[in-house]
Structures are given as C-alpha cells and as structure tokens.
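Everything in the sequence shown is counted per this note's numbering, starting at 4 for the first residue and increasing by one. A virtual CB, placed ideally from N, CA and C, is assigned to each residue, including glycine.
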Amino acid sequence: MKLFATLLLASALLTVAPATIAPAVQSEASVAGVGEGVFPDGASFNGVPLTGSTFGTGVLISADGSAVGEFQTVLAGSTLLGPQGISVVGNVTAGSLNADGSATFSGTATVDMGDGLPPADGIPFSVTASPSGLQLVLATTTLPTQTLDAGTITIE
4 MKLFATLLLA SALLTVAPAT IAPAVQSEAS VAGVGEGVFP DGASFNGVPL TGSTFGTGVL
64 ISADGSAVGE FQTVLAGSTL LGPQGISVVG NVTAGSLNAD GSATFSGTAT VDMGDGLPPA
124 DGIPFSVTAS PSGLQLVLAT TTLPTQTLDA GTITIE
C-alpha cells in the first residue's frame with residue numbers, strides 16, 4: 004500500500020511539474036538572424052538615401068522583459084560622392100514577443116555615418132523582427148520596414 008501511494012504521488016508530481024514549468028519556458032525567446040534587407044523607394048536616414056542593409060543579430064529575451072545580445076547592421080546609402088555605409092552596432096537590453104509572432108528588442112547603439120566624422124554613442128534603438136524582414140528605429144527616426152532579400156530571421 005505504501006508503494007502504491009508513493010507511485011501515485013510521484014505520478015501526480017510528474018503530471019503537475021511540467022505544467023508549472025512550461026509557461027516560464029514558453030515566455031522566453033531567442034531571435035537570431037543574418038541577411039540582407041531591401042528598403043522601399045524613398046527610404047533615408049539623416050538625409051542619406053537608403054537602398055538596403057546587411058545585418059546580424061543574436062538576442063535572448065527573458066520572461067521579465069530583459070534581454071541580452073547584439074544587433075549589427077550596415078545601412079547601404081548613397082550620396083553625390085558615391086556609396087555610403089552607415090554602421091549601427093547595438094547592445095540589446097530589453098525585448099518582447101508580439102502577438103503576430105514577431106519580436107521587438109531595444110537598447111543603445113553606436114552609429115557611424117560613414118562620412119569621416121566620429122561615431123555617435125548611446126543612440127537609443129529598437130528593432131521589430133519577423134521571418135520576412137525587420138524595422139529599425141534609431142533615436143526618433145523610424146525607418147521603413149526592410150523586406151528580407153537574403154538570409155534568415157528565426158524567432159523561437
């Protein structure tokens with residue numbers, strides 16, 4: 004009888020334990036991606052017309068909304084002087100999953116306009132990423148959503 008009670012208790016614990024653990028695991032997420040994006044016509048940043056970008060990211064988002072990781076991109080621009088690559092290197096500190104399956108993460112970045120002037124540090128940024136592309140916000144400038152042209156973005 005004692006063995007039966009022990010087995011019954013163990014069975015109950017094994018049934019209940021995954022239910023209590025699963026929500027915490029499901030509310031955490033990772034975002035990983037590397038690729039090239041294409042901007043729609045008319046996109047620009049600080050007066051520099053943009054055609055697309057190359058990017059890479061690796062982010063872990065915790066259930067409490069904190070996050071760790073990096074986001075890097077080179078925005079492909081052009082001026083009268085020729086091509087101009089705008090480099091953005093961001094340290095991710097916060098993030099969340101969205102109802103549509105996308106993920107949004109944010110932090111501060113160093114932005115190098117590629118024009119010979121020193122880079123600007125501490126620029127707030129956010130990225131909303133989905134398997135089909137991403138949208139970048141730098142300070143108060145919201146860039147148009149880039150369509151993924153090559154590569155992949157995975158949200159788990």
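Kindly identify the DSSP beta-bridge partner or partners of residue i.
| i | result |
| --- | --- |
| residue 44 | Partner(s): none; residue 44 has no beta bridge. |
| residue 155 | 37 |
| residue 66 | Answer by DSSP bridge pairing: none, since residue 66 is not bridged. |
| residue 73 | 61, 94 |
| residue 56 | 40, 78 |
| residue 121 | Answer is none; residue 121 lacks a bridge partner. |
In the DSSP assignment, find the unbroken beta strand (DSSP E) run with residue i in it and report its ends.
| i | result |
| --- | --- |
| residue 111 | 106-115 |
| residue 86 | 85-100 |
| residue 136 | 136-141 |
Where does residue i land, buried or exposed, given buried means 16+ other C-beta within 10 angstroms?
| i | result |
| --- | --- |
| residue 76 | buried |
| residue 105 | buried |
| residue 78 | buried |
| residue 153 | exposed |
| residue 53 | buried |
| residue 68 | exposed |
| residue 135 | exposed |
| residue 45 | exposed |
| residue 84 | exposed |
| residue 66 | exposed |
Could you check how far apart the C-beta atoms of residue i and residue j are, in whole angstroms? I think they sit under 8 Å.
| i | j | result |
| --- | --- | --- |
| residue 124 | residue 90 | The Cβ separation is near 12 Å, so there is no contact. |
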